[in-house]
Amino acid sequence: MDAPVVGSGGLGLGGSTTTTTTTTGEYGGYDGTTSPATVFYCTLVMALTTGLGAVPFFFTDRLDKFSEGVAQSMAIGVMIAASYALIQESEGLNNAWLVVGLAAGMVFIDRSQKVLARHEDGMEFIGLKGADAKKILLFLGIMTLHAVGEGCGVGVSYAGPQGFPKGLLITMAIGIHNIPEGLATATILASKNVGKRDMVLWTVFTALPQTLLAVPAYMFVQVFHSLFPFFAGFAAGCMIWISFAEIIPDALENVSPSTMATTATTTTFAFKAMQYALNPLLLGTSQPLTSSSFVKAFLGALVLLAALVCLRKASERWLPWPRTIGKGRGGVLPKGWMSAKVAPSRGLFPAEVQREV
148 MDAPVVGSGG LGLGGSTTTT TTTTGEYGGY DGTTSPATVF YCTLVMALTT
198 GLGAVPFFFT DRLDKFSEGV AQSMAIGVMI AASYALIQES EGLNNAWLVV
248 GLAAGMVFID RSQKVLARHE DGMEFIGLKG ADAKKILLFL GIMTLHAVGE
298 GCGVGVSYAG PQGFPKGLLI TMAIGIHNIP EGLATATILA SKNVGKRDMV
348 LWTVFTALPQ TLLAVPAYMF VQVFHSLFPF FAGFAAGCMI WISFAEIIPD
398 ALENVSPSTM ATTATTTTFA FKAMQYALNP LLLGTSQPLT SSSFVKAFLG
448 ALVLLAALVC LRKASERWLP WPRTIGKGRG GVLPKGWMSA KVAPSRGLFP
498 AEVQREV
């Protein structure tokens, strides 16, 4: 009996959803060709790369309101792109379980939010209290659940017909893919002024299920392979829900709807561009590791970095920063107004937009 296998590894990397078939013998489980310890150490390094997403916040102080809104908008873009990728990669495996997973994720996070809301008055978490603690706890929980499906997929890849070379390529791709997801997690934590040490630790924590589930998925591949559509749908349902229910309203308190939409859309584009750049790593993996594979993976990471730099440059050019305000009424800003009103850079983006009342 044939079992469907996702063409690009089933890891939510936004690749082709075309499915191929392979016999159950090819994915029959742990056969001793790659030790579980090797899978564990490779995927542990992969999970740790998530912490690199917090690095930008070591070069900035507390975020101002505008930077906070932009950071939240970037997180929205990453979560939308990741949700789409999870759904895309699960299509054709077991669409019924994918739909069940989506519905279950939505119901689970909605019920969890209501339970936490009843206890938020006395809630404390990593220095936060009340509603802020509830929102961060929900967000971290969802990002952690999202890593479950990726852990299953990575483990399954090591048990495939190409064995270790295929698994290592998948691990490298997911490791690069983890960096922008870590950035999304770190931006939400930074928006609530969480300390840098806690930011890194909790960012890495959200990726640990990748390592913890990769080994059992490798050893019991048939079971975990069949569960992947449900896990992927569940995580996607959770991420879509919290994006609309929690993160978008918070972002709109700090930036205009157009700024939020532009930032989120640009981030989604950058995230998907990086995923598509990584696809060559996941296709035609019967060949051994080559220098070109590493180059392609590196270029994928550069795509995201370049897009973020362009986003900042565009915001500096087109957003109505304080130096332009007052011209519509014929007013002239006094000399030195900018230095008095705009403090030295305290965030990743220019100072908060000043609006006329």
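Going by my numbering, the residue at position 31 of the sequence shown is 178; the numbering climbs one at a time, nothing skipped. For glycine and all other residues, C-beta sits at the position ideal for the given N, C-alpha and C.
Among the options, nearest to residue i - alpha-carbon criterion
i	options	result
phenylalanine 378	Pro356, Gly296 and Gly288	Gly296
alanine 194	Lys419, Pro327 and Met226	Pro327
leucine 285	Met366, Ser390 and Ala420	Ser390
isoleucine 321	Phe371, Met421, Ile395 and Arg344	Met421
valine 351	Asn325, Val217 and Trp244	Asn325
alanine 383	Gly248, Ala218, Ile283 and Phe213	Gly248
valine 217	Cys189, Val202 and Val402	Val402
Alpha-carbon spacing of residue i relative to residue j, whole angstroms
i	j	result
glutamine 357	glycine 224	22 Å
phenylalanine 311	alanine 184	12 Å
glutamate 393	threonine 415	18 Å
asparagine 242	phenylalanine 206	44 Å
leucine 316	histidine 266	44 Å
isoleucine 234	phenylalanine 272	31 Å
alanine 232	phenylalanine 381	13 Å
glycine 300	methionine 366	12 Å
valine 254	methionine 386	12 Å
serine 259	isoleucine 283	13 Å
threonine 190	serine 237	21 Å
tyrosine 188	leucine 348	18 Å
alanine 424	glycine 342	33 Å
proline 467	isoleucine 323	Because proline 467 carries a pLDDT of 46, less than 50, the predicted location of this residue cannot be relied on, and no value is offered for it.
tyrosine 344	alanine 222	Position check: residue 344 holds arginine in this sequence, whereas tyrosine was assumed. If I take the Cα positions, the gap works out to 20 Å.
threonine 204	proline 396	Before going further, note that residue 204 is phenylalanine rather than threonine in the sequence given. Approximately 23 Å between the Cα atoms of the pair.
cysteine 245	aspartate 279	A small fix is needed here, since residue 245 is leucine in this sequence, not cysteine. The straight-line gap from Cα to Cα measures roughly 31 Å.
proline 435	methionine 319	Low confidence applies here, because proline 435 scores a pLDDT of 43, under 50, leaving its location unreliable; read the following figure in that light. Using only the alpha carbons, I get a separation of about 14 Å.
Close beta carbons around residue i, own chain, < 6 Å, minus the five adjacent residues each side
i	result
serine 220	Ala398, Met407, Thr410 and Ala411
leucine 330	Gly200
methionine 346	Ala201, Ala333 and Leu336
leucine 355	Ala194
Cβ shell of residue i (< 7 Å), same chain only, five flanking positions each side left out
i	result
aspartate 268	Gly277
threonine 505	Here the chain comprises residues numbered 148 to 504, so residue 505 is not present and cannot be evaluated.
aspartate 257	Trp388
leucine 359	Gly298
arginine 281	First, the amino acid is wrong: residue 281 is lysine here, not arginine. Only Leu263, Ala264, Glu267 and Met270 meet the Cβ criterion.
serine 304	Gly156, Lys313, Gly314 and Ile317
leucine 374	Cys299
Environment of residue i [buried if 16+ CB atoms lie within 10 Å]
i	result
glutamate 400	exposed
serine 182	exposed
glycine 274	exposed
alanine 264	exposed
glycine 252	buried
alanine 250	exposed
lysine 339	buried
proline 404	exposed
lysine 261	exposed
valine 186	buried
valine 192	exposed
valine 479	Any reading at valine 479 is ruled out, since the residue's pLDDT is 39, under 50, leaving its predicted position unreliable.
proline 376	buried
Contact set for residue i: own chain, Cβ-Cβ below 8 Å, skip 5 residues either direction
i	result
phenylalanine 418	Gly224, Val225, Ala228, Ala229, Pro327 and Leu451
phenylalanine 371	Cys299, Gly302, Val303, Leu360, Pro363 and Ala364
Jot down the residue ranges of each uninterrupted alpha helix (DSSP H) in the segment 237-265, minimum 4 residues, whole runs only, in chain order. 242-265
Ignoring anything shorter than 4 residues or poking outside the segment 305-375, list the alpha helix (DSSP H) runs there in chain order. 311-338, 343-352 and 355-366
Give the list of continuous alpha helix (DSSP H) stretches no shorter than 4 residues that lie fully inside the segment 174-232. 183-195
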